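Residue numbers (UniProt numbering): 1 to 165. Notes follow once the structure below has been shown.
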């Protein structure tokens, strides 16, 4: 138990912490750019500002230090100083450890029961512990003929079709 946890009764969060040296994109306000210019500038995260509530970023274009709050982070990318380009760094994390497998064997049955209790038409929202793949197929598709038949039975739709505007 940490002192903060003992004092406040809540476990401290580390979600606001970022990876040092990662690539980030600093937002450029509309007042400082023209219509067709880029909305962000690429930079390297150096740390947290002590003067204000913001991040310290090394701007790769101007080679200056920027302090900004409007920053998007790409923590999987690192800057290669030799080639002066962005490199993707993938870290292999095991999906499950043996202790997690034993713990989750009992919860798998509960997950399957919850899924079967859901209504067939309701969208399924995965819990945060499940990984979401980027290339997942659409969850549900409908035929156009089914959509037309649904609206054809509506009296409001029939009236609008029969009466031209």
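Every residue, glycine too, gets a C-beta built ideally from N, C-alpha and C. Remember, it's a predicted structure, so these values are computed and weren't measured experimentally.
inquiry  = Give me, in chain order, the residues of the same chain whose beta-carbon lies closer than 8 angstroms to that of residue 120; leave out the 5 immediate sequence neighbours on both sides.
reply    = The predicted model places residue 120 with a pLDDT of 49, which falls under 50 and marks its position as unreliable, so this point remains unresolved.
ask   = What residues in its chain sit with their C-beta under 7 angstroms from that of residue 16, if we drop five residues either side in the sequence?
value = none
query = In whole angstroms, what is the alpha-carbon distance linking residue 18 and residue 73?
reply = 8 angstroms
message = Counting only C-beta atoms, is residue 48 closer than 7 angstroms to chain C at any point?
response = Considering every chain present, this structure includes no chain C. It has just one protein chain.
message = Is residue 25 near the ligand GTP - that is, is its Cβ less than 6 angstroms away from at least one heavy atom of it?
response = Absent from the structure shown: the ligand GTP. Ligands present: none.
query = What's the C-alpha gap between residue 26 and residue 32?
reply = 13 angstroms
task = Below 8 angstroms CB to CB, which residues in the same chain sit around residue 56 once its five sequence neighbours on both sides are set aside?
result = 45, 46, 47, 48, 49, 65, 66, 67
key: Assumed close pair residue 21, residue 78 - CB separation to whole angstroms, cut-off 8 angstroms   = 6 angstroms
request  = Measure the CB-CB distance between residue 168 and residue 23 and report whether it falls below 7 angstroms.
outcome  = Not covered by the structure: residue 168. The range shown for the chain is 1 to 165.
ask   = For residue 149, does the three-state DSSP call read helix, strand or coil?
value = Helix at residue 149.
request  = Quickly, what does DSSP pair residue 79 with across the bridge? List them, please.
outcome  = 86
Through-space distance from residue 59 to residue 38, alpha-carbon basis = 14 angstroms
request  = Identify every residue that forms a DSSP beta bridge with residue 142.
outcome  = Note: residue 142 sits in no beta bridge, so no partner.
ask   = Can you tell me where the beta strand (DSSP E) with residue 41 in it begins and where it stops?
value = Element bounds for residue 41: 40-48.
Beta-carbon proximity list for residue 170, same chain, < 8 angstroms, skipping 5 on both sides = Limits of the chain in this structure are 1 at one end and 165 at the other, which puts residue 170 out of reach.
ask   = Closest by CA to residue 52, which one among 76, 141, 69?
value = 69
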